[in-house]
Amino acid sequence: MLWPTARLRRLDPEVTKRLALARQNSPESETWLTLVEAALAESADVSRWRAAIPAPVEGRPARAPLLHGAEIAVDGRAVRRFVRRLAGIAALNGGAPDRLDAVGLVEAAICQDDTRIDALAGGDASTLRVVAQIAAVPLLTAAAQTIGASVSAAWWEGYCPVCGAWPTLAEFRGLERKRWLRCGRCATAWEMSWLRCVFCGEADHEHLGYLAPEAGETSRKVEVCDTCKGYLKAEPTVSALPWWGVVLDDAATVALDVAALDRGYHRPERPGFALEVRIVGRRSGFWTA
Ligand SMILES: [Zn+2]
Ligand SMILES: [Zn+2]
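Sequence positions in the sequence shown follow the working numbering and run 517 to 805.
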């Protein structure tokens, strides 16, 4: 491990258990799981990241997520340190990305701007995309915890009301089986009625359906739309999954993605909303307030 064990001790025993299980079940995901673990360890310093989140910009367009138009000031040094740690775990460019623009990377990741991430990569673009995705997690989860309560009850979009990403999972929660969409970036949950495609808004049941696993487990399924060919994995939950629950469940159900892709369904290539966020690296003293 590349960071002090004291930080790891802060992790919830439940997540430690889940990570160990995930490692056992998919040893090939070791690097990715270690990145997730690093994001969780970093997010444990939640007050540090929360302090950076400004109030939502007034006068945003009605369909814009809460972070749209925000300017977020972060401790540049802390962000660089975190991104370097992630790059080391991922062995990006030999693990020595000293000249990488870490603050720019986090900004591009939050805006889901893959073109910009690829340009920053210089070389290993696919690894940098994974690093970028994880690098944005502490700030995005802090944003959801800080301003997420301002999400309008009237939010009807299929994309995340905080960060603009498409949902990673749909939970059908509790005895009432209400459908809650979950963001795999910031962990926001927002309710949306059944029988409505999250990607294109299709509401005609003739065009909506499910794929269910062929054998064994029957509680999980894949929601599919024949109008836009989009798909979304769905699972029953007792209560809201934490961020790590969303991403680990997503990773543990790759077989469902394969089944959906095999049948011609896909996840949209473009983000739900083209978020505009500016991240500014401050020098020091910011976190000590
Ligand atoms: Zn989100
Ligand atoms: Zn659709």
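Where is the CB? At the ideal position from N, CA and C, for every residue including glycine.
Buried or exposed: which applies to residue i, given that a residue is buried once 16 or more other Cβ atoms fall within 10 Å of its Cβ?
| i | result |
| --- | --- |
| Glu806 | Summary: the structure shown does not reach residue 806, with the chain confined to residues 517 through 805, and so no result is reported for it. |
| Gly494 | Missing from the structure shown is residue 494; the chain here goes from 517 to 805 and no further. |
| Gln540 | exposed |
| His584 | buried |
| Asp778 | exposed |
| Gly780 | exposed |
| Asp720 | exposed |
| Leu691 | exposed |
| Arg701 | buried |
| Ala728 | exposed |
Look up residue i in the DSSP assignment and say whether it is helix, strand or coil.
| i | result |
| --- | --- |
| Lys533 | helix |
| Ile588 | strand |
| Arg695 | strand |
| Glu722 | helix |
| Thr804 | Annotation note: pLDDT 45 at Thr804 (below 50); position unreliable, no value reported. |
| Trp706 | strand |
| Val763 | helix |
| Ile569 | coil |
| Gly797 | strand |
| Gly664 | helix |
| Glu558 | helix |
| Leu527 | coil |
| Ser545 | helix |
| Leu711 | coil |
| Pro683 | coil |
| Ala670 | coil |
| Leu791 | coil |
Going by DSSP, what residues sit across from residue i in a beta bridge?
| i | result |
| --- | --- |
| Phe688 | Arg695, Pro752 |
| Leu727 | Val738 |
| Gly746 | His782 |
Nearest-angstrom Cα distance between residue i and residue j?
| i | j | result |
| --- | --- | --- |
| Trp696 | Glu530 | 22 Å |
| Thr684 | Ile626 | 16 Å |
| Ala624 | Arg794 | 9 Å |
| Asp742 | Arg798 | 47 Å |
| Ala533 | Glu553 | It should be noted that the sequence gives Lys, not Ala, for residue 533. Each residue's alpha carbon lies about 12 Å from the other. |
| Ala637 | Thr643 | 9 Å |
| Ala705 | Phe715 | 16 Å |
| His575 | Val667 | Residue 575 is actually Gly in this sequence, not His. Their backbone Cα atoms lie some 14 Å apart in a straight line. |
| Ala790 | Ala580 | 9 Å |
| Pro572 | Cys679 | 11 Å |
| Val628 | Gly664 | Contrary to the premise, residue 628 reads as Gln rather than Val in this sequence. Computed Cα separation, rounded: 19 Å. |
Under 7 Å between C-beta atoms, does residue i make it to chain C?
| i | result |
| --- | --- |
| Ala625 | Structure shown: chain C not included; a single protein chain is present. |
Worksheet entry | Whole runs of the beta strand (DSSP E) within the region 587-649, excluding any shorter than 3 residues | 587-591
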